[in-house]
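The structure under discussion appears below in the form of structure tokens.
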Amino acid sequence: MTEAAAFYILTGTVLGAALVVVLSRNIVHAAVSLIPVLLGVAGYYVLLGAEFVAAIQILIYAGAITVLILFVILLTEGATGLRVRQRNEQVPLGIIGSGALVFLLITLLTRAPWPPAATPLPTYNPGAVGQSFLTAYVLAFEVTSLVIVACLVGAIVIARREE
Amino acid sequence: MIGLAHYLVASALLFAIGLFGVLTRRNAVAILMGIELMLNAANVNFVAFTKYVSPELVRGHVAALVIITLAACEAAVGLALVISAYRHLETVHVDEINLMRW
Numbered sequence: 000m001t002e003a004a005a006f007y008i009l010t011g012t013v014l015g016a017a018l019v020v021v022l023s024r025n026i027v028h029a030a031v032s033l034i035p036v037l038l039g040v041a042g043y044y045v046l047l048g049a050e051f052v053a054a055i056q057i058l059i060y061a062g063a064i065t066v067l068i069l070f071v072i073l074l075t076e077g078a079t080g081l082r083v084r085q086r087n088e089q090v091p092l093g094i095i096g097s098g099a100l101v102f103l104l105i106t107l108l109t110r111a112p113w114p115p116a117a118t119p120l121p122t123y124n125p126g127a128v129g130q131s132f133l134t135a136y137v138l139a140f141e142v143t144s145l146v147i148v149a150c151l152v153g154a155i156v157i158a159r160r161e162e
Numbered sequence: 000m001i002g003l004a005h006y007l008v009a010s011a012l013l014f015a016i017g018l019f020g021v022l023t024r025r026n027a028v029a030i031l032m033g034i035e036l037m038l039n040a041a042n043v044n045f046v047a048f049t050k051y052v053s054p055e056l057v058r059g060h061v062a063a064l065v066i067i068t069l070a071a072c073e074a075a076v077g078l079a080l081v082i083s084a085y086r087h088l089e090t091v092h093v094d095e096i097n098l099m100r101w
């Protein structure tokens, strides 16, 4: 019962704040209301027994990415004024496209016969995640670190002021 | 009783909202925010499937962590591109950045 209540409160928070993110005319309001979306998704992870993923979500998404986005909004302030038109002329197309997608996804995903889980989720998640990362998915782990290095170097090179 | 379908429907709605933002925003930073919403929706699906369908090796948690890392990378490079475009073209609106249009 409490799980259902928590789920519906989280869903209301996430979807309401996500609508503010895509609809708000003020770009700073949109960026700030990204935070409740990300924290609500972290709440989903806690409900699903993924506390470690929830902690990483709060640290990286709600902590780092939101601050980065706000900084870029401040740095590009000439283009973010309230009188600047924020939406293009594709609003009807966007409504049709995303409406069709959500209809298709819900129809497909709720009708598919998902097999029930054979074993319960391991209770101590961080240990299991670490085991999995360093045994079966070690290649993904290493490639991810390579991508991070490439991204950091690339971001510095692109954003650097040319002499 | 909350089951797999609840999470799938919620994440489908979140993904559609993010797609609407990507399709209709002019500001490149707002488009990046829409992409973040869509990545989060995919992550919710991965973690929900891990609990309800396939808990072996906590595969979905591994996938979600990799996606969060790559989303941080994507945000860093994307925002660097936005700053560079603003410095050269004085705009961050994607329909005005048309230097390479024929």
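Chains as they are written, first to last, in numbering that gives the first Met the number 0: chain U, 0 to 162; chain G, 0 to 101. Where is the CB? At the ideal position from N, CA and C, for every residue including glycine.
Query	Result
Any idea which residues DSSP pairs N26 (chain G) with across the strands?	G:H92
Spell out whether any CB of chain U is found under 8 angstroms from the CB atom of A11 (chain G).	yes
In chain order, what residues of the same chain have a beta carbon less than 8 angstroms from the beta carbon of A74 (chain G), not counting five sequence neighbours either side?	L31 and E35
Closest to G17 (chain G) by CA distance: which of G:A40, G:L7 and G:I1 is it?	G:A40
Of all the options G:A79, G:T68, G:G33 and G:T49, which has the alpha carbon lying nearest to the alpha carbon of L67 (chain U)?	G:A79
Using a Cβ cut-off of 8 angstroms (strictly closer), state whether M32 (chain G) contacts chain U.	yes
For a contact defined as C-beta to C-beta under 7 angstroms, what are the partners of T10 (chain U) on chain G?	A9
Check the Cβ-Cβ distances between A102 (chain G) and every residue of chain U, and say whether any is below 8 angstroms.	The requested residue 102 (chain G) is not part of the displayed model; chain G covers only 0 to 101.
Can you tell me which of G:I67, G:A84, G:L88 and G:A9 puts its alpha carbon nearest to the alpha carbon of T143 (chain U)?	G:I67
So which residues on chain G does P114 (chain U) lean against when the C-beta distance must stay under 9 angstroms?	V52 and S53
Please identify, using Cβ separations under 8 angstroms, the residues of the segment 28-42 of chain U that lie next to chain G, in order along the chain.	A29, A30, L33, V36, L37 and V40
I'd like to confirm the pairing. Which residues does DSSP put opposite R24 (chain U) in its beta bridges?	DSSP, once it has assigned bridges, lists no residue as partnering R24 (chain U).
Would I96 (chain G) pass as an interface residue toward chain U - the criterion being a Cβ-Cβ separation below 8 angstroms?	no
Report yes or no: is there a C-beta of chain G within less than 8 angstroms of the C-beta of T1 (chain U)?	no
How many angstroms separate the CA atom of L37 (chain U) from the CA atom of L9 (chain U)?	11 angstroms
Which same chain residues end up closer than 7 angstroms to P35 (chain U) when comparing Cβ atoms and leaving out the 5 residues on each side of it in sequence?	T12 and A16
Taking C-beta pairs closer than 7 angstroms, name the residues in chain U that R25 (chain G) reaches, listed in chain order.	R84, Q85, R86 and N87
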